[in-house]
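See structure below.
Numbering (the numbering used here), first residue to last: 9 to 195.
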């Protein structure tokens, strides 16, 4: 509702999310419903009985019905010799975020320190209009023969005979495992 005491007529228009061509109404009060999500700029001015118009005024109307958006970064599968980095970005294009739940890395660790299997990371983003979104990212930690060998080399050094002997045993175990020999896993 736009009101101007003593006005002969009011003129208003809107741009942005909801567009309205200029409308002039007689009297000192005008109503315009803004229902479109986004930012709508309503401009208006009053004209008196003498035909003098006041300086145009602007009112920004923000309507935010949508939840924030969360996007994750990281790999779906990590192996034991890798480093795990899971991050995210959170955005809200209309009202903005209350706080950013994606500040820094969510997970940052050597993969060998994480239990094998599936893992979940979740964040909840809240915008200034009170809309919320909880994003969940799932990743897996896997242990492979090749990954274990690379990890042994990292820990013991590539040129050490002990590292190569352990890697050779791992490769033999992998070959036996591929042939279906369950005893190969016992060393």
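Quick reminder that beta carbons are idealized off the backbone N, C-alpha and C, glycines included. Everything numeric in this text was worked out from a predicted model, so none of it was measured.
Asked: Run of the beta strand (DSSP E) containing residue 149, from where it starts to where it stops; Found: 140 to 150
Asked: Buried or exposed by the 16-neighbour rule on C-beta atoms within 10 Å, applied to residue 72; Found: buried
Asked: Run of the beta strand (DSSP E) containing residue 128, from where it starts to where it stops; Found: 125 to 134
Asked: Span separating the alpha-carbon of residue 75 from that of residue 140; Found: 5 Å
Asked: DSSP state of residue 163 mapped onto helix, strand, coil; Found: helix
Asked: Counterpart residues of residue 54 in DSSP-defined beta bridges; Found: 18
Asked: CB-CB length for residue 40 against residue 22, believed under 8 Å; Found: 7 Å
Asked: C-alpha distance - residue 187 paired with residue 121, whole-angstrom precision; Found: 30 Å
Asked: Where residue 107 falls, given that 16 or more other Cβ within 10 Å makes a residue buried; Found: exposed
Asked: Environment of residue 87 [buried if 16+ CB atoms lie within 10 Å]; Found: buried
Asked: DSSP-derived helix/strand/coil call for residue 121; Found: helix
Asked: Residues that DSSP places opposite residue 34 in a beta bridge; Found: 17
Asked: Residues near residue 126 in its chain [Cβ-Cβ closer than 7 Å; skip 5 each side]; Found: 146, 148
Asked: Host beta strand (DSSP E) of residue 67 (start-end); Found: 65 to 71
Asked: Buried versus exposed call for residue 179 [16 or more other C-beta atoms within 10 Å across all chains shown]; Found: exposed
Asked: Spatially closest choice to residue 113 from 97, 105, 119, by CA coordinates; Found: 97
Asked: Inter-residue spacing [alpha-carbon to alpha-carbon] between residue 172 and residue 158; Found: 10 Å
Asked: Where the alpha helix (DSSP H) through residue 184 begins and ends; Found: 169 to 186
Asked: Coil, strand or helix - residue 101 by DSSP; Found: coil
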